[in-house]
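The structure appears below as structure tokens.
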Amino acid sequence: MTTADILQQLDTNHAEMNAAGLGSPTLDAFFNEVRKQVAESPDPDGTLGAIAQLIIRECSKNDRCPIYRDCTETGPHYDHSGFDLLKVMDETGRGTLIDAAMVVASGEESRATVCLGDAEFSDAASVRRKTAELRVFLDQVDELADRVFADHEGRS
Ligand SMILES: [Zn+2]
Numbered sequence: 305m306t307t308a309d310i311l312q313q314l315d316t317n318h319a320e321m322n323a324a325g326l327g328s329p330t331l332d333a334f335f336n337e338v339r340k341q342v343a344e345s346p347d348p349d350g351t352l353g354a355i356a357q358l359i360i361r362e363c364s365k366n367d368r369c370p371i372y373r374d375c376t377e378t379g380p381h382y383d384h385s386g387f388d389l390l391k392v393m394d395e396t397g398r399g400t401l402i403d404a405a406m407v408v409a410s411g412e413e414s415r416a417t418v419c420l421g422d423a424e425f426s427d428a429a430s431v432r433r434k435t436a437e438l439r440v441f442l443d444q445v446d447e448l449a450d451r452v453f454a455d456h457e458g459r460s
């Protein structure tokens with residue numbers, strides 16, 4: 305599309321929005337700014353595309369869950385969840401060694417759950433007890449590895 309075609313299309317869209325009762329000084333300012341950006345651009349199609357991408361990104365941001373910061377659901381929703389929030393991958397980088405997620409199902413007995421691997425926890429204190437145990441466990445795994453590989457070296 306030429307710059308003139310795009311500007312014509314923008315004017316048509318603007319007129320249609322005004323006709324639909326969406327007119328406002330803010331809308332006029334928006335269309336004037338887009339017109340200016342497109343008219344001054346050496347790549348009017350690219351500029352219009354970039355503006356559209358920006359609008360989509362902003363809208364999806366505003367679409368984010370208003371209740372749970374870690375909920376990844378967008379738009380109107382009743383069940384909240386966030387999967388793949390945190391994870392440690394295996395050596396291949398393809399498999400998940402351990403991951404964490406959050407789920408809050410709606411309903412009468414709505415309760416929040418944090419998942420660590422396949423285990424589910426219903427309060428922060430329980431999560432902290434298990435992660436403390438895991439920290440100790442991970443140190444023990446390091447020590448196990450040191451022993452096994454040292455013994456293996458000694459054998460050969
Ligand atoms: Zn949510």
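According to the working numbering, the stretch in the sequence shown is residues 305 to 460, in order. Here a beta-carbon is modelled for each residue, glycine too, at the ideal position from N, C-alpha and C. Fair warning: this is a prediction, and the values are worked out from it, not measured in the lab.
Residue i versus residue j: straight-line alpha-carbon distance, rounded
i: Asp309; j: Asp347; result: 13 Å
i: Val265; j: Glu424; result: Absent from the model: residue 265. The displayed extent of the chain is 305 to 460, so no value can be given.
i: Asp383; j: Asp367; result: 15 Å
i: Ala356; j: Thr330; result: 17 Å
i: Met406; j: Ala449; result: 32 Å
i: Ala333; j: Thr307; result: 19 Å
i: Glu362; j: Lys434; result: 38 Å
Residue i: CB within 7 Å of a non-hydrogen atom of ligand 1
i: Cys369; result: yes
i: Cys375; result: yes
i: His318; result: no
i: His456; result: no
Reduced DSSP category for residue i - H, G, I as helix; E, B as strand; rest coil
i: Glu437; result: helix
i: Ile402; result: strand
i: Ala324; result: coil
i: Pro348; result: helix
i: Thr306; result: coil
Contact set for residue i: own chain, Cβ-Cβ below 8 Å, skip 5 residues either direction
i: Glu400; result: At residue 400 the sequence reads Thr, which differs from the Glu that was named. Excluding sequence neighbours, Thr400 sits near Lys391, Val392, Met393, Asp394.
Beta-carbon proximity list for residue i, same chain, < 6 Å, skipping 5 on both sides
i: Val342; result: Ile310, Pro348, Thr351, Leu352
i: Asp403; result: Lys391
Chain C within 8 Å of residue i, Cβ atoms only
i: Ser430; result: Among the protein chains of the structure shown there is no chain C, as only one such chain exists.
Review point. Taking only runs of the beta strand (DSSP E) that begin and end inside the stretch 352-435, which ones reach a length of at least 3 residues, in chain order?
Key: 384-393, 400-408, 416-420, 423-425
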